[in-house]
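Here's the structure, in structure tokens; my notes come after.
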Amino acid sequence: MTKSRIVPPKIWLCAWMLTAWLAAAAAAEVVDRIVAVVNDDIITMSELEQTSRAYQDASGALRRPKSDKAFLRQTLEELIDMRLARAEAKRRGITVSDKDLEQALQDFRQRHNLPDDAALAQVLGQAGISLNEFKQQITDQIMQERLMAVMVGAKVKVDEGEVRRFYDQEFPKTAGEMMHLRIITLPYPPGATHTQKEELQLKVESLLKEARQGVSFEELRRKHDLSMQDLGFIPVSDLDPQLAGFLKGLRPGETAPVKSPQGFQLIQLVGRKTGQPQSFEEAAPQIRRFLRTQAMRKEFSEWVKGLREKAHIKIML
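Going by the numbering used here, the first residue of the sequence shown is number 8, and it counts up by one from there.
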């Protein structure tokens, strides 16, 4: 049996930010077109590609992105549901205040050590997303959560016996290794020529040399105007197995390059530590929220089917 995992929002968001530059490189090669019409709204291919790459890492950081057509279709169905939910939330007068949005953005910036909107905009730019577009995504997410709470929240109860069963049977209780990682991303320019790829490789080798001579990642970022993310400590079990094996050979403070079809990443292993297992009392609130959210999403998905039956939806994927 495959065990369910509780994925903290920090891990999901870190994963999204790390892989967003892949979406930017790929999206640049997509000839944009409409892939779905939802009542008076549209969904474009670039939006679908971008969202699918973000979703692919929702189950764990640093997973390799897939280009599976079935997954694209699944993501499109979720985007359609989100558009229907957004319209219904607006119809019911559910809103997100400027204060609520700013608090959500502030929480996001704090988790990722981003001092202000300018720093956030620079990171989002690696994914081809403007700050206004990101704010709209956050707003839509908050609106959908509020709509879900209104429509199905009262129906969902979490049995304490289920909380205990989940802890006993599925909650990871062994102490696992964690790695603190910093990432500098260097994507190829859109439609990169062979010469441009060679030039980027030479730049990576030069940066790697500086890092190995003791130049900090922060200095490299400022000196060369690069994009850097500090992921903090993340469980090794959440890493792609091949990447985890690769990083296992690094000592704290060492930096190594990773090449992909989209460009390069310089990954620095800042440090390692062993995570501490949680007692039932410590884990119960987290498990309770997780089980309630799962149950609410299931109920909400059934409720959204009613919106679909009344909507005009045309899929062109």
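Glycine included, each C-beta is placed from N, C-alpha and C at the ideal position.
None of the values given here were measured: they were computed from a predicted structure.
DSSP three-state call for residue 160: helix, strand or coil?
Residue state, collapsed to three classes: helix.
Please tell me whether residue 320 and residue 103 are closer than 9 angstroms, where the distance is taken between their beta carbons.
no
Which of the three DSSP states, helix, strand or coil, is assigned to residue 236?
strand
Just reading off the alpha helix (DSSP H) that residue 124 is part of, what are its end residues?
124-132
For residue 178, does the three-state DSSP call read helix, strand or coil?
coil
If we call anything under 9 angstroms between Cβ atoms a contact, is residue 238 one with residue 191?
no
Strictly by DSSP, which residues pair up with residue 271?
193, 266
Just curious, the alpha helix (DSSP H) that residue 88 is in, first and last residue?
76-98
Just verifying my parser: in three-state terms, what is the DSSP assignment at residue 48?
strand
For residue 312, which residues in the same chain have their Cβ closer than 8 angstroms to its Cβ, ignoring the five residues on either side in sequence?
none
Going by Cα to Cα distance, which pick from 49, 76, 99, 121 is closest to residue 235?
121
Thinking just about the alpha-carbon of each residue, which of 323, 156, 168, 275 is nearest to the one in residue 240?
275
Hey, residue 137 and residue 128: beta-carbon distance below 9 angstroms or not?
yes
Can you tell me where the beta strand (DSSP E) with residue 320 in it begins and where it stops?
320-322
With respect to the alpha helix (DSSP H) encompassing residue 298, which residues constitute its N-terminal and C-terminal limits?
287-317
What whole-angstrom Cβ distance do residue 243 and residue 185 have, given they're in contact under 8 angstroms?
7 angstroms
Helix or strand or just coil, what does DSSP make of residue 281?
strand
Using only CA atoms, which one of 296, 304, 57 lies nearest to residue 159?
304
With a cut-off of 8 angstroms on the beta carbons, I'd call residue 316 and residue 162 a contact; round off their distance for me.
In fact, because the Cβ distance is near 20 angstroms, the residues do not count as touching under 8 angstroms.
Could you tell me which residues DSSP puts in a beta bridge with residue 43?
50, 322
Taking the straight line between their C-alpha atoms, what separation do you get for residue 113 and residue 106?
10 angstroms
Give the C-beta separation of residue 90 and residue 324 to the nearest angstrom, bearing in mind that I take them to be a contact with Cβ-Cβ under 8 angstroms.
Residue 90 to residue 324, Cβ: 15 angstroms. No contact.
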